[in-house]
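My numbering applies: residue 795 is where the sequence shown begins, and numbers increase by one.
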Amino acid sequence: MELKTDLYIDGQWVKGSGTLPVYDPSTGEVIANVATADDAQCDAAIDAAHRAFPAWAKTAPRLRSEILRKAFEIMISEADYIAELISRENGKVFSDAKGEVLYAAEFFRWFAEEAVRTPGDFRHSPSGDKRILVTHQPIGVSLLITPWNFPAAMATRKLGPALAAGCTTILKAASETPLTALHVVDILHRAGVPKGVVNFVLPAKSGPQVSKMLHDPRVRNLSFTGSTEVGRILIRESADNVVRTSMELGGNAPFLVLDDANVDEAVKGAMVAKMRNGGAACTAANRILVARNVAEEFTIKFTKAMTDLKVAPGMDAGAQLGASVSVKERNKIAELVDSAVSAGGKLHSGGKSPDGPGAFYPATVLTVEKGNPILGCEVFGPVAPIVIFDTDAEAITLANDTEYGLISYVYSSDLARAIRTAEAMETGMVAINRGVVSDPAAPFGGVKQSGLGREGGFAGIHEFLETKYIGVEI
Ligand code: NAP
């Protein structure tokens, strides 16, 4: 299959104004050079999306649905190729990458189904003087910005609902992982998306060029997934033109093991919640809070499961933990662990970057006291700090002691107790007795500084729709 490395503007693959190397983080070698866009090319993408919008907004929802369904089918048929692409540019192991492709494709299928189900409302006004007609219309040109950790799924989680709603789009992928996003765009091209409806640019300087795009009055919507730090900047940038924004930002998920939890199940769940994607997930369990009576058993079993993982380049047979996306990211992880240990954390496994090429870091478990600095940061890697607690109330206070509010995990054999605890969690999502909740059919998103809005589920399409009220004199 042909590797796409050019920009995609107005239905054409076009050369960039410069190039950017893409590295394989397992080896440090350059695997491709991808086109970057200058201001004029970003403007051309906006222009194309703006011109295509009226016709795409009026295209029969059934037709939009069928294009998305076709994209789903192509993506599934090319799953192995895409998974390899992800593994090569991102470093994650092939099994994680394949899981991501299947998850990513489901957003095309789900939103193919949602495209034809946009609800409306017709009712009598309470005073009886009119009829209240409520309908939904696509917002318009939408800028979609994605991170490196799920290069396929974060793109389809935005493109699916945007296209289903009738919006036209400009996708900007993370500089580390543009190849997968380019392939997703190519799938949409082959599935029959009309020209101008999907555009791809990789600005040479994301900060100033994205700012410029957000100040173009033709851009009406921003859907961003990435760090809270950059999310805050983009909310400010969106303010001048009052651009509608949805923000899927960072997380610092607590994983609560209550004193009646099934420890083996909790260990299994923690391995998924912490180690899916090598720990580089916004949903990653970053603070493992364990009741004192089960703490020793949990720590021994969890540490064993972590040290048993095979660390190797993502495409190696049997690899379970691959490289981080870059040496810079890996070094950030190492620094966090070093500072946690300096502050009194006790290491049970890992804790040291291996020699040699590649951005590898070992699966690391440590026990820390409340207040350890590592608990205040989003650890985007295979590091699990454990904190011991004595009462449920203490666990809830610890869990909520963060600016983030994306997801939390609760393990207990008493469902009512688990639900009460879930209700006390200041997070947009809670997993009870399981290590993963992500599902295209469910509303994904956070509260507090983890974001604004929801992706997936019935809510996802509404991030790309305006509500219009028409008052009718009768
Ligand atoms: P990031 O540094 O915030 O970058 C995300 C995207 O924003 C990239 O495309 C990046 O482009 C772009 N960007 C960076 N600075 C920018 C600026 N000043 N103006 C405009 N665009 C800018 O995040 P990341 O390191 O790629 O991803 C990890 C973060 O994403 C973590 O915090 C994680 O929790 C979060 N995340 C959240 C979710 C969720 O659903 N809540 C899902 C996945 C990841 P360049 O690469 O060109 O700089």
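Glycine included, every Cβ here is placed at the ideal spot set by N, Cα and C.
Short note on Ile-880: C-beta not closer than 8 angstroms to any heavy atom of the ligand NAP.
Proximity of the beta carbon of Ile-933 to the ligand NAP is not indicated: no heavy atom of the ligand is located closer than 8 angstroms. In this structure, the ligand NAP has a non-hydrogen atom nearer than 8 angstroms to the beta-carbon of Ala-968. Take the alpha-carbon of Arg-845 and the one of Cys-961: they are about 12 angstroms apart. One Cα belongs to Glu-883, the other to Leu-938, and the distance between them is close to 20 angstroms. The beta carbon of Asp-804 sits closer than 6 angstroms to the beta carbons of Ala-842, Lys-989 and Gly-990 from its chain, once the five residues preceding and following it are set aside; these are given in chain order. If the five residues before and after Thr-1097 are omitted, its C-beta is found closer than 7 angstroms to the C-beta atoms of His-1142, Ser-1143 and Val-1159, all from its own chain and listed in chain order. Rounded to the nearest angstrom, the Cβ distance from Leu-1050 to Ala-1193 is 6 angstroms, consistent with a contact under 8 angstroms. In the DSSP assignment, Ala-1079 forms a beta bridge with Ala-1047.
Scanning Ile-840, Tyr-1263 and Asn-1166 for the CA closest to the CA of Gln-931 turns up Tyr-1263. DSSP places Asp-818 within a strand segment (E or B) once states are collapsed to three. Within the same chain, Gly-885, Pro-1107, Gly-1108, Gly-1116, Ala-1117 and Gly-1152 come within 7 angstroms of Ser-820 by CB-CB distance, once the 5 residues on both sides are set aside.
Here Phe-916 is exposed, its C-beta having fewer than 16 other C-beta atoms within 10 Å.
By the neighbour-count criterion, in which 16 or more other beta carbons inside 10 Å mark a residue as buried, Asp-980 falls on the buried side.
Counting only unbroken stretches of 4 or more residues, the alpha helix (DSSP H) elements lying wholly within the segment 977-1059 are 1000-1008 and 1022-1033, in sequence order. Assigned with DSSP and collapsed to three states, Phe-1154 falls in coil, not helix or strand.
Restricted to the segment 1199-1255, the alpha helix (DSSP H) segments that are unbroken, complete and at least 4 residues in length are 1209-1218, listed in chain order. Where Asn-827 is concerned, the enclosing beta strand (DSSP E) starts and stops at 823-830. Assignment of Leu-1103 by DSSP, reduced to helix, strand and coil, places it in the coil class. Annotated three-state conformation of Arg-925 is strand, per DSSP.
Residue pairing of Phe-1096 in beta bridges, as defined by DSSP: absent, with no partner found. Beta-bridge partners assigned by DSSP to Gln-806: Ile-803.
Counting along the chain, the unbroken alpha helix (DSSP H) around Lys-952 starts and ends at 947-959. Relative to the ligand NAP, even the nearest heavy atom lies 8 angstroms or more away from the CB of Met-1100.
The three-state reading of DSSP puts Ala-838 in helix, counting H, G and I together. The nearest non-hydrogen atom of the ligand NAP is less than 8 angstroms from the C-beta of Asn-943. The beta carbon of Ser-1017 sits no closer than 8 angstroms to any heavy atom of the ligand NAP. The three-state reading of DSSP puts Asp-915 in strand, counting E and B together.
In this structure, the CA atom of Asp-1054 is about 23 angstroms from the CA atom of Ala-1078. Annotation: Arg-1030 to Phe-902 spans about 31 angstroms, alpha carbon to alpha carbon. Within 8 angstroms of the C-beta of Phe-1258 there is not a single heavy atom belonging to the ligand NAP. Leu-797: not part of any beta strand (DSSP E); DSSP gives it neither H nor E.
By the C-beta density criterion, Val-1037 is buried, having at least 16 other C-beta atoms within 10 angstroms.
Contact between the segment 935-951 and the segment 964-971 is established, with three or more Cβ pairs separated by less than 8 angstroms.
Around the beta-carbon of Thr-1261, fewer than 16 other beta-carbon atoms lie within 10 Å, marking it exposed. The C-alpha of Asn-1046 lies about 27 angstroms from the C-alpha of Asp-818.
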